[in-house]
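Written below as C-alpha cells is the structure these notes are about.
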Amino acid sequence: MMRYGYLGPPGTFTEEALLSLPDAREAETVPYATVPEVVRAVEAGDVEAGIVPIENSIEGSVLPTLDSLATGTPMPCRSAARSCGPSGTRCSRAPA
Numbered sequence: 018m019m020r021y022g023y024l025g026p027p028g029t030f031t032e033e034a035l036l037s038l039p040d041a042r043e044a045e046t047v048p049y050a051t052v053p054e055v056v057r058a059v060e061a062g063d064v065e066a067g068i069v070p071i072e073n074s075i076e077g078s079v080l081p082t083l084d085s086l087a088t089g090t091p092m093p094c095r096s097a098a099r100s101c102g103p104s105g106t107r108c109s110r111a112p113a
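Residue numbering for the sequence shown follows my numbering, beginning at 18 and increasing consecutively.
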C-alpha cells in the first residue's frame, strides 16, 4: 500500500488536495506538522510521496515549501493542482 505524507492535521485543504489524486484514495495518508517534516519523510523513504502547499490565500507563497524545493534533495514534482477554498495550488513531491 502506498503511503502519502501531507501537511496536516486531517481536514486541511492539503489533505483535500491529496485525496483528490486518484492513486491516493486507496493509500495510507500520514499527516505531518510542518513542510520540512513532509520533505524529510519523503527523503527518508518513510512515505512514497508528499503533498505540501506552495501558496495559500492568507500569506501567499509558503516559504518553507519554496525553500525545500530550492535547496532540498532533487525530486520530481508533479502538480496536483486543485483549487481548495477561495484559492490555492497544491504540488505533490513524489518520485515519478
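Built from N, CA and C at the ideal position, the CB exists for glycine as well. Predicted model only: the values in this text are computed from it and were never measured.
Quiz item: Where do the ends of the alpha helix (DSSP H) carrying R57 lie?
Solution: V52 to A61
Quiz prompt | Three-state secondary structure assigned by DSSP to T46 | solution = strand
Exercise. Check the C-beta distance from V47 over to G22 and give it rounded, since I have them as a contact under 8 Å.
Key: 5 Å
Self-check item: Reference P12, options E45, R57 and E65, closest by Cα
Solution: What is shown of the chain runs 18 to 113, which leaves residue 12 out entirely.
Exercise. Taking V52 as the reference, give the member of P26, S74 and S37 with the closest Cα.
Key: P26
Quiz item: Are the beta-carbon atoms belonging to L24 and V55 less than 9 Å from one another?
Solution: yes
Quiz item: Considering only residues of the same chain and omitting the five flanking positions on each side of S85, which have a CB-CB separation below 7 Å?
Solution: V52, P53 and V56
Quiz item: Taking the DSSP output, what are the residues bridged to G22?
Solution: V47 and G67
Quiz item: Grouping DSSP H, G and I as helix and E and B as strand, with all else coil, what is T31?
Solution: helix
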